[in-house]
Amino acid sequence: MTNSPGPSDPVSDFLPRDESHLTIAPLLDAIAAQAPRADATRSIDGQLVAAIRGSAFMRMSASAELGGSGHSLHRIGLELEAISARCPSTAWCLWNHLCVFHLFVGSLGPEHLSFLAGIVERGEWVSFPAGAGSGVHGRDAGDVAVLNGRAAFGTGARYADWCGVVFAVVDESAHPVKPLDLRFTMVPTDKPGVGIDPTWDGSGLRASATDDVHYTDVEVPLDRCVEWFGANRAESLRTVPVINHRYREDWVGLSDLWLGSMAVGVVRAALSEAATEFRTRKAIMGRPMIDRPTVQTNIGRALAFTASARAAIDEATHEVDRRIERAIPPTNADYYRQQAIVTMAVEHLEAAMALLGRTYGGNGQRESSLFDRRSRDFRSMPLHINVHHDRVTHQLGRLALGIDLDPF
0 MTNSPGPSDP VSDFLPRDES HLTIAPLLDA IAAQAPRADA TRSIDGQLVA AIRGSAFMRM
60 SASAELGGSG HSLHRIGLEL EAISARCPST AWCLWNHLCV FHLFVGSLGP EHLSFLAGIV
120 ERGEWVSFPA GAGSGVHGRD AGDVAVLNGR AAFGTGARYA DWCGVVFAVV DESAHPVKPL
180 DLRFTMVPTD KPGVGIDPTW DGSGLRASAT DDVHYTDVEV PLDRCVEWFG ANRAESLRTV
240 PVINHRYRED WVGLSDLWLG SMAVGVVRAA LSEAATEFRT RKAIMGRPMI DRPTVQTNIG
300 RALAFTASAR AAIDEATHEV DRRIERAIPP TNADYYRQQA IVTMAVEHLE AAMALLGRTY
360 GGNGQRESSL FDRRSRDFRS MPLHINVHHD RVTHQLGRLA LGIDLDPF
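168 is the number that my numbering gives to position 169 of the sequence shown; each next residue is one higher, with no gaps.
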């Protein structure tokens, strides 16, 4: 059994993808080969990290003004789908890099073009620890800001060269100033005072290094500290100066689209592997699994859910690409529609994985298998806050009812 089924595989025939033209194609076999060890050791292979860092893949979401390739969002989604089918942890880290670098460019703006272009030119990796439980303060000390505190959920931080930081400005007594003044900056991960704590001990995406980052008296240039848009970020980016029109699209919406593509990759691979395995596996009393109507039905429903989800994500991504190409700023409706489509698509993919788990049955619980790893990794995807069913549908309900939207 292989991680990338050949052209004779019926699932691949039904859900075809040509991966030969992808930027990441030369590294796909290496990504697949290290996946079991990455899961076991909770760390992506160092040689693979070095190879990816030096590849054109790292520049895919950056515009030409920054020395990037400015690929379409759909093309980037295809790349992440292919990676995720081999090693979701690797895909998760690269997804995070592409998403948050897009955010960093929009946040820092044209006046920091040279600084951002240097990151692209050197093929450097970025991370953005700023999840629940984060708390970083910054004190003005002349021409520098001095940062202290902890930032959580820094996906890929241990592989990264830079971390984005949101911090609250404090007074001489170390109390946040009133009204609250939030700033954003970027800090090199090798700078003295920056520490990465390997706190990600989750069941899935074990090598994603979604760790805590600690800042102890870390100095950053004050002129690289900009106002943080915060909850008003998506709306603000539609009007402020940007390096390229693509940066008017908020990173949360883009992250949803690409997360959906990764979810498709995992489920598509799991389907192909399950269908191959069930052709020769015996059910209770020795009857071939392939003869059982429920096995046929469950596989058929899972395949239909996956095809539907992939079509929805593809179209949602093409819609954003058309908007960027025509230099049309997104509206609130555009922004929430792309989140809504992906959230529902991921829910369909979740149903497909549940059907596969039901079909594996008791043996699926008894045996340690590739499906077990895929299932663990997939579970992290619908739980990400950007695509989380509870958050997105709540916001959609408020939007439809004309109620003010929550900050996040």
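By construction, the Cβ of each residue, glycine as well, lies at the ideal position given by its N, Cα and C atoms.
Starting from the N-terminal side, write out each stretch of the beta strand (DSSP E) that is 3 residues or longer and does not extend beyond the region 6–58.
Here no run is fully enclosed.
So, under 8 Å CB-CB, residue 193 and residue 182 are touching, yes? Tell me the CB distance rounded to an integer number of Å.
For the purposes of this step, residue 193 is identified with residue 194 of the sequence shown, where counting begins at 1. For the purposes of this step, residue 182 is identified with residue 183 of the sequence shown, where counting begins at 1. Rounded, the Cβ-Cβ distance is 17 Å, inconsistent with contact.
According to DSSP, is residue 192 part of a helix, a strand, or is it coil?
To locate residue 192, count along the sequence shown from 1; it is residue 193. In the structure shown, residue 192 sits in coil (DSSP, three-state: anything other than H, G, I, E or B).
My understanding is that residue 9 touches residue 274, with C-beta atoms under 8 Å, so please give their C-beta distance in whole angstroms.
Counted from its first residue, the sequence shown places residue 9 at position 10. Counted from its first residue, the sequence shown places residue 274 at position 275. At roughly 7 Å, the Cβ-Cβ gap stays under 8 Å, so residue 9 and residue 274 are in contact.
Since residue 179 sits in a beta bridge, which residues does DSSP pair it with?
Indexing the sequence shown from 1 puts residue 179 at position 180. DSSP lists no partner for residue 179.
May I ask you to list the residues that DSSP assigns as paired with residue 376?
By one-based count along the sequence shown, residue 376 stands at place 377. Residue 376 pairs with nothing; no bridge assigned.
Under the three-state reduction of DSSP, which class applies to residue 139: helix, strand or coil?
On the sequence shown, residue 139 is found 140 positions in, with the first residue counted as 1. Note: residue 139 maps to strand in three-state DSSP.
Determine, using beta carbons only, whether residue 268 and residue 92 come nearer to each other than 8 Å.
Here the question's residue 268 lines up with position 269 in the sequence shown. Here the question's residue 92 lines up with position 93 in the sequence shown. No, these two residues do not count as a Cβ contact at 8 Å.
Should the region 148–162 be called in touch with the region 72–87, which here means at least 3 C-beta pairs below 8 Å?
Not touching, per the Cβ criterion.
With burial defined as no fewer than 16 other Cβ atoms inside 10 Å of the residue's Cβ, what is the status of residue 254: buried or exposed?
Your numbering for residue 254 matches position 255 in the sequence shown. The residue is buried, with at least 16 neighbouring Cβ atoms inside 10 Å.
Can you name the residues that DSSP bridges to residue 95?
Taking the first residue of the sequence shown as 1, we reach residue 95 at position 96. In the DSSP output, where bridge partners are listed per residue, residue 95 has none listed.
Pick helix, strand or coil for residue 236, following the three-state DSSP scheme.
Counted from its first residue, the sequence shown places residue 236 at position 237. Correct three-state label for residue 236: coil.
Closest by CA to residue 335, which one among 234, 292, 360, 380?
Within the sequence shown, the letter at position 336 stands for residue 335. Per the Cα distances, 234.
At a Cβ threshold of 8 Å, is residue 185 touching chain D?
Absence of chain D from the displayed structure is noted, only one protein chain being present.
Residue 325 by DSSP, collapsed to three states: which one?
Against the sequence shown, residue 325 aligns to sequence position 326. Residue 325: coil per DSSP, three-state reduction.
Which of the three DSSP states is assigned to residue 400 in this structure?
For the purposes of this step, residue 400 is identified with residue 401 of the sequence shown, where counting begins at 1. If DSSP states are grouped into helix, strand and coil, residue 400 belongs with the helices.
From residue 326 to residue 70, what distance separates their C-alpha atoms?
The residue you call residue 326 lines up with position 327 of the sequence shown. The residue you call residue 70 lines up with position 71 of the sequence shown. Cα-Cα distance, rounded: 15 Å.
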